[in-house]
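Engineer: First the structure, then my questions, so here it is.
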Amino acid sequence: MSKAIDALATAEFAASDDETQQAKAEAARKEYEKIKAKYIVFSKRLQLEQRELQSIQQSIGMGGGMGGGFR
């Protein structure tokens, strides 16, 4: 994601000085938006899986809290 952000910033900076660079800036923006959308999907999936794992851990007595774990 950081590469896409860097590419977008570079392209938009170049386009701010040179209108012929607008197409490159637009292509960089589209690529950034595509990567951002994938990141959001993966992030949401990870959060759901973490919640599910936490629920399972709590149900078998491994859940956080004070002194959790096996006894």
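Residue numbers (the numbering used here): -1 to 69.
All residues carry an ideal CB built from backbone N, CA and C; glycine is no exception.
Can you tell me which of the three DSSP states I38 falls into?
Structural biologist: Working through the sequence shown from its first residue, we reach residue 38 at position 40. Helix.
Engineer: Taking the alpha-carbon positions, what's the A115 to G59 distance?
Structural biologist: Any question about residue 115 goes unanswered here, given that the chain covers just -1 to 69.
Engineer: In this structure, how does DSSP classify D16 when only helix, strand and coil are distinguished?
Structural biologist: Taking the first residue of the sequence shown as 1, we reach residue 16 at position 18. Coil.
Engineer: Would you check if the distance between the CB atom of A2 and the CB atom of A12 is smaller than 9 Å?
Structural biologist: Here residue 2 is taken as the residue at index 4 of the sequence shown, counted from 1. Here residue 12 is taken as the residue at index 14 of the sequence shown, counted from 1. No, they are not a contact pair.
Engineer: In this structure, how does DSSP classify I33 when only helix, strand and coil are distinguished?
Structural biologist: Working through the sequence shown from its first residue, we reach residue 33 at position 35. In this structure, I33 counts as helix in the three-state DSSP scheme.
Engineer: For A26, count neighbouring Cβ atoms within 10 angstroms of its own Cβ and tell me buried if that reaches 16, exposed if not.
Structural biologist: By one-based count along the sequence shown, residue 26 stands at place 28. By the neighbour-count rule (16 or more Cβ atoms within 10 Å), A26 is buried.
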